[in-house]
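*Asks:* In case it helps, full-length UniProt numbering puts the sequence shown at residues 1 to 301.
Where a beta carbon is used, it is the ideal one built from N, C-alpha and C, also for glycine.
Bear in mind the structure is a predicted one, so any value in this text is a computation, not a measurement.
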Amino acid sequence: MAIPTKVTIIGATGLIGQIILKALRPNTDFTVTVLSRQESSSTTEFPPGVMVHKTDFSPSSLRSLLREQDVLISAVGGTAFTEQKKFIDAAIEAGVKRFIPSEFSTSSEDDAVIELLPLFRQKRDIINYLKEKEEDGLSWTGIATSGLFDWGLASGFLGFDIKTKSAVIWDGGVTSFTLTNQEQLGKTVLSVILRLEETKNCFLYIASVETTQNEVLKTLEEVTESRWAVMETTTQEQVAEGLKKLGAGDISGAFALVRATAFGSTAGLKTNYVRDQNLANGLLGLEMESAKGIVERVFGV
1 MAIPTKVTII GATGLIGQII LKALRPNTDF TVTVLSRQES SSTTEFPPGV MVHKTDFSPS
61 SLRSLLREQD VLISAVGGTA FTEQKKFIDA AIEAGVKRFI PSEFSTSSED DAVIELLPLF
121 RQKRDIINYL KEKEEDGLSW TGIATSGLFD WGLASGFLGF DIKTKSAVIW DGGVTSFTLT
181 NQEQLGKTVL SVILRLEETK NCFLYIASVE TTQNEVLKTL EEVTESRWAV METTTQEQVA
241 EGLKKLGAGD ISGAFALVRA TAFGSTAGLK TNYVRDQNLA NGLLGLEMES AKGIVERVFG
301 V
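(1) With 16 other CB atoms within 10 Å as the buried threshold, where does residue 216 fall?
(2) Can you give me the Cβ contacts of residue 36 inside the same chain, cut-off strictly under 8 angstroms, excluding the 5 residues immediately before and after it?
(3) Contact between the region 131–139 and the region 95–104: three or more CB pairs below 8 angstroms?
(4) From this set, 57, 33, 298, which residue's C-alpha is nearest residue 47's C-alpha?
(5) Residues bridged to residue 73 by DSSP?
(6) Following the continuous alpha helix (DSSP H) through residue 179, name the residue where it begins and the one where it ends.
(7) Buried or exposed: where does residue 28 fall if 16 or more other Cβ atoms within 10 Å of its Cβ makes it buried?
(8) Considering Cα atoms alone, identify which of 285, 105, 126 is closest to residue 193.
(9) What's the gap between the Cα of residue 87 and the Cα of residue 164?
(10) On a Cα-Cα basis, can you pick out the residue from 208, 7, 161, 113 that is closest to residue 259?
(11) Anyone know if the C-beta pair for residue 168 and residue 233 falls short of 8 angstroms?
(12) Per DSSP, what kind of secondary structure is residue 46 in: helix, strand or coil?
(13) Hey, is the region 143–155 in contact with the region 203–214, meaning 3+ C-beta pairs nearer than 8 angstroms?
(14) Provide the residue span of the alpha helix (DSSP H) that contains residue 114, from first to last.
(15) Could you tell me whether the region 57–66 touches the region 145–159, using the rule of 3 or more Cβ pairs below 8 angstroms?
(16) In chain order, what residues of the same chain have a beta carbon less than 7 angstroms from the beta carbon of residue 22, not counting five sequence neighbours either side?
(17) So is residue 174 buried or exposed if we call it buried at 16+ other beta carbons inside 10 Å?
(18) Taking the CB atoms as reference points, tell me whether residue 207 and residue 179 lie closer together than 8 angstroms.
(19) May I ask you to list the residues that DSSP assigns as paired with residue 210?
(20) Using the three-state DSSP reduction, which class does residue 142 fall into: helix, strand or coil?
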């Protein structure tokens, strides 16, 4: 299969979309196009050379804009997971070769993930829909990254608060898990595009680091030369609190459930892609890093 040259991204203003766009832009062999909602008020400035098309995302508009495109990448958020069926149908009619759906998180192929975060069933439905459409000429690649390590550290999303030097540690901090860095995610998408035949119609698992919360905490204490305050909790407590918040209309409850899918100790949950899955790092030319090296980079050491 020839190396594609025309790539379109939907959802490029979000965190994942920006990571992917940053990885693709330096490759001058690609023509990168972004599809943006017509009524979008986003002030995101795209890099020079990136074509931006406004659309109402109607089937006719999508078919027209996707004509002659080689790859369509969806980086949409949870409110648009089901809309991807519309993207897929338009891609087939427009002759797109490869569709990369909005996975880029914990695996929707894991039943324990679906139990913890039912929203991800919509992701699984999209993968199943893509499998049904293979005979129509559109190939696909699903990419499971688990959580984002460097972003999660810097933002505090993973429960390590750099400003207050405090940490929320689940289940004694001993559960082994893998996470992925932002640059690695971008490299993965680029590598998939450059290896269309090897990555055709499959679900890939990648990772940047294999670690535990205790190792991350120890490394943070070493790098900051400080003793961090620790709040002990359990997966059960975090999931219960997350569900309670969601039930009360507080969307932040979903964040605890996302963390639970990444490093919780729920029975049957496959948190360590090195141990539990067939890691695609070798196929894609990706390397693992140490937790210490990543922490030092986040802190600029």
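*Replies:* Short version:
(1) Under this definition residue 216 is a buried residue.
(2) 12, 13, 42, 52, 53, 54, 55, listed in sequence order.
(3) Touching, yes.
(4) Ranked by Cα distance from residue 47, the options 57, 33, 298 are led by 33.
(5) Checking the DSSP bridge columns, you'll see residue 73 partnered with 9, 100.
(6) Per DSSP, residue 179 lies in no alpha helix (DSSP H); the unbroken beta strand (DSSP E) holding it starts and ends at 177–179.
(7) Only exposed fits residue 28, as fewer than 16 other CB atoms lie within 10 angstroms of its CB.
(8) Distances from the CA of residue 193 to each of 285, 105, 126 were compared; the closest alpha carbon is that of 285.
(9) Their backbone Cα atoms lie some 43 angstroms apart in a straight line.
(10) Out of 208, 7, 161, 113, 113 has the C-alpha closest to the C-alpha of residue 259.
(11) Yes, they are a contact pair.
(12) Residue 46: coil per DSSP, three-state reduction.
(13) Touching, per the Cβ criterion.
(14) Counting along the chain, the alpha helix (DSSP H) containing residue 114 begins and ends at 111–116.
(15) In this structure the region 57–66 does not touch the region 145–159; the number of beta carbon pairs closer than 8 angstroms is below three.
(16) Cβ neighbours of residue 22 within its own chain (closer than 7 angstroms, five residues either side excluded): 186.
(17) The Cβ neighbour count for residue 174, taken over all protein chains shown within 10 Å, is under 16; the residue is labelled exposed.
(18) The answer is yes: Cβ separation under 8 angstroms.
(19) According to DSSP, residue 210 shares a beta bridge with 178.
(20) In the structure shown, residue 142 falls within a strand segment according to DSSP collapsed to helix, strand and coil.
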